[in-house]
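In terms of my numbering, the sequence shown is residues 71 to 493. Idealized CB from N, CA, C, for every residue including glycine. This structure is a prediction, so every number in the text was calculated from the model and none was measured. To start, the structure itself, in structure tokens.
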Amino acid sequence: MKTTTLLGDPSLSVDPGEQVRRTIRVHNTGGVVDRFTVDVIGDAAAWTEVTPAAVNLLPDGHVEVDVVFSPPRSTAVLAGQHHVGVRVRSREDPDSSSVEEVVVEVGAFAELDAELLPSRRRSRRGARYRLAVENSGNTPMRVGIDPFDPEDDLVDIRLNRESFTLHPATVALVAVKVRPYRRFLRGEPRPHPFELRLAAEPAVESDVEWTPLTVKGELVQERLLPGWVLPVLALLLVLAVALGALWFTVVAPGIKSIASEQASGAAADASLAASIANAAADKANGSAQDAAADLSSAAAITSTTPPPTPSPLSFRVATFAAPTTDGSFQRFGYAAPGGKALEIGDIVLQNPRGDVGYLRVLIGETVLLETGLANFHDLTYAYSTRLRVPAGQQLVVAVNCVTPGQGSARCTAAASFSAMLQP
């Protein structure tokens, strides 16, 4: 037999990384020497220490056992109440085990880490980044992100989400797109620093405090014309001047000499042919006049019916594709009025919401072009030789939707066409 007594308040509070102590008094009420073991039941056993964990007591003897609660400062122990059982077991009378219940209130602490991946990129038009935010505290946090341009509106910063709730030991990824407002054809690269300012507050009622965090990144804007363009243009100009000089000094005089010789021989042949033709001309004069009258009548009739001409046509194919994970494409077609043929000159691809996936333009089953949706917002293709869509064939815009853009459950990319409708 035994009795146990908890010394002190059964409800206690402790901050992560600190300790709190309670004492259990064990009394041997039996008539023989007994050995008692003390242990902890519950999820707090990993961060609770019992001293001594086992003791031998004479009849009517007693001992005080220290129970020390030391929750670590980590995400393994969440903020809030933890119910702990301190169990005392007798070797002589195992069925008489008793449990003293203690409620440990673990305090909250906030710790957020953020990293921009990558922190620096080079691009002519714009670049994409990923912001990783990790909750290393022990309580849920509501996080808000405020983009900031220290250079005063030189770049446009867009996030796929600006606020979210982050639970302990979890990481949230935020897509970041940075685009310069102005572009330049040539010159030195221009660095554009930017900041992402994070503010957070507990998602549940708590007095925990957290210092705002700022993550810095940089976009190095490069010129639109690559460095090799101007030297190549200069070389082509020099080559054109050299070819022009060669034409006028060598090739053209030789051609003129050959043409003069051929013209002299042709003049003699023409004189002989002229005398023969004059003799036949008088005979054929009457017949020629009649034939000319017939030809004039036929030409007048033919000229009254002009040949049909192509007409300009502009149209747009919008998509509304559901997300897929199997790589399949959803097709959206267009057929010319009256089943006529088309000749396409310009194609403008549009991705205003920033969908992620792939887009194809096809004539029937033949793929004209394919591009990733993440590579553009507006993309123009101009063809010097028009693309012909045969009569009766469909022009198809196909989309493989991986991740829809912000504010939509589907991918909404579109394609606009400028064409000539054939008669």
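Cβ distance (whole Å) where residue i is taken to contact residue j below 8 Å
| i | j | result |
| --- | --- | --- |
| Trp-117 | Ser-140 | 5 Å |
| Thr-235 | Ala-273 | 5 Å |
| Ser-167 | Arg-157 | 6 Å |
| Gln-291 | Leu-412 | Their Cβ separation, rounded to whole angstroms, is 39 Å, which puts Gln-291 and Leu-412 out of contact at 8 Å. |
| Ser-486 | Arg-386 | 5 Å |
| Thr-389 | Ala-484 | 6 Å |
| His-153 | Val-96 | Wrong, their Cβ atoms sit about 21 Å apart, outside the cutoff. |
| Leu-268 | Val-225 | Not confirmed; about 19 Å, so no contact. |
| Cys-481 | Leu-443 | 7 Å |
| Val-110 | Gly-155 | 7 Å |
| Arg-253 | Arg-195 | 7 Å |
| Pro-393 | Thr-473 | 7 Å |
| Gly-78 | Ser-189 | Not really, about 52 Å apart at Cβ, beyond 8 Å. |
| Ala-468 | Phe-399 | 4 Å |
| Glu-119 | Val-138 | 5 Å |
For residue j and residue i, the rounded distance between their alpha carbons
| i | j | result |
| --- | --- | --- |
| Leu-127 | Asp-104 | 6 Å |
| Ala-315 | Leu-306 | 14 Å |
| Ser-373 | Ala-489 | In this predicted model, Ser-373 has a pLDDT of only 46, less than 50, meaning its place in the structure is not dependable enough to derive any value. |
| Thr-164 | Thr-107 | With the sequence shown as reference, residue 164 is identified as Pro, and Thr is not the correct amino acid for it. Rounded to the nearest angstrom, the two C-alpha atoms are 11 Å apart. |
| Arg-249 | Tyr-199 | 11 Å |
| Ala-494 | Arg-191 | Outside the modelled stretch of the chain, which goes from 71 to 493, sits residue 494, for which no answer is possible. |
| Gly-150 | Gly-403 | 58 Å |
| Leu-294 | Thr-441 | 20 Å |
| Ser-193 | Val-426 | 19 Å |
| Leu-182 | Leu-243 | 13 Å |
| Asp-130 | Glu-88 | 36 Å |
| Thr-99 | Pro-86 | 38 Å |
| Ala-405 | Ser-381 | 16 Å |
| Leu-255 | Thr-450 | 18 Å |
| Ser-206 | Arg-423 | 32 Å |
| Ser-276 | Asn-208 | 12 Å |
| Gln-420 | Lys-247 | 17 Å |
| Val-213 | Glu-279 | 13 Å |
| Thr-93 | Thr-281 | 38 Å |
| Ala-358 | Leu-465 | Confidence in Ala-358 is poor, its pLDDT being 46 and thus under 50, which makes the residue's placement unreliable; the coordinate value appears in the next sentence. Taking the straight line joining both Cα atoms gives about 55 Å. |
| Glu-271 | Ala-180 | 9 Å |
| Thr-121 | Arg-91 | 11 Å |
| Ile-433 | Pro-377 | 28 Å |
| Glu-258 | Gln-476 | 34 Å |
| Asn-470 | Ala-245 | 20 Å |
| Val-147 | Pro-210 | 13 Å |
| Ala-123 | Thr-145 | 28 Å |
| Gly-101 | Glu-170 | 23 Å |
| Gly-397 | Arg-430 | 13 Å |
| Ser-233 | Leu-201 | 13 Å |
| Val-321 | Ala-461 | 48 Å |
| Ile-371 | Gly-408 | Any reading at Ile-371 must be qualified, since the residue scores a pLDDT of 42, below 50, and its modelled position is unreliable; the value itself is stated next. Near 30 Å, if we compare the C-alpha coordinates of Gly-408 and Ile-371. |
| Leu-187 | Ala-197 | 12 Å |
| Ser-81 | Gly-112 | 15 Å |
| Asn-445 | Glu-435 | 24 Å |
Those residues which DSSP pairs with residue i across a bridge
| i | result |
| --- | --- |
| Gln-400 | Val-469 |
| Val-108 | Val-158 |
| Ala-392 | Answer by DSSP bridge pairing: none, since Ala-392 is not bridged. |
| Pro-382 | Met-490 |
| Gly-150 | Val-176 |
| Gly-442 | Tyr-428 |
| Glu-119 | Val-138 |
| Val-302 | Val-302 is not bridged to any residue. |
| Asp-448 | Gln-420 |
| Ile-433 | Thr-436, Leu-465 |
| Leu-82 | Val-174 |
| Leu-55 | Residue 55 lies beyond the range of the chain shown here (71 to 493); nothing can be said about it. |
| Leu-307 | According to DSSP, Leu-307 bridges with nothing at all. |
| Ala-322 | For Ala-322, which the question treats as bridged, DSSP gives no partner whatsoever. |
| Arg-91 | Val-138 |
| Leu-316 | Paired residues: none, contrary to the question. |
| Ala-124 | Thr-107 |
8 Å Cβ cutoff, residue i in contact with chain C
| i | result |
| --- | --- |
| Val-96 | Looking for chain C here will not work: only one protein chain is present. |
Practice item. Quick one: which unbroken beta strand (DSSP E) runs of 3-plus residues sit fully inside the region 155-211? Chain order, please. Key: Correct list: 168-176, 182-187, 190-193, 197-205.
Check your understanding: Which parts of the region 211-296 are runs of the beta strand (DSSP E), unbroken and 3 residues or longer, counting only runs that do not cross its ends?
Key -> 211-218, 225-229, 233-236, 241-250, 260-272, 283-291
Review point. Touching or not, the region 414-427 and the region 231-243, by the rule of three or more beta carbon pairs under 8 Å?
Key: no
Check your understanding: Would you say the region 220-230 touches the region 173-182, given that touching needs at least three Cβ pairs under 8 Å?
Key -> no
Check your understanding: Are there three or more Cβ pairs, one per stretch, closer than 8 Å when the region 214-223 is compared with the region 259-272?
Key -> yes
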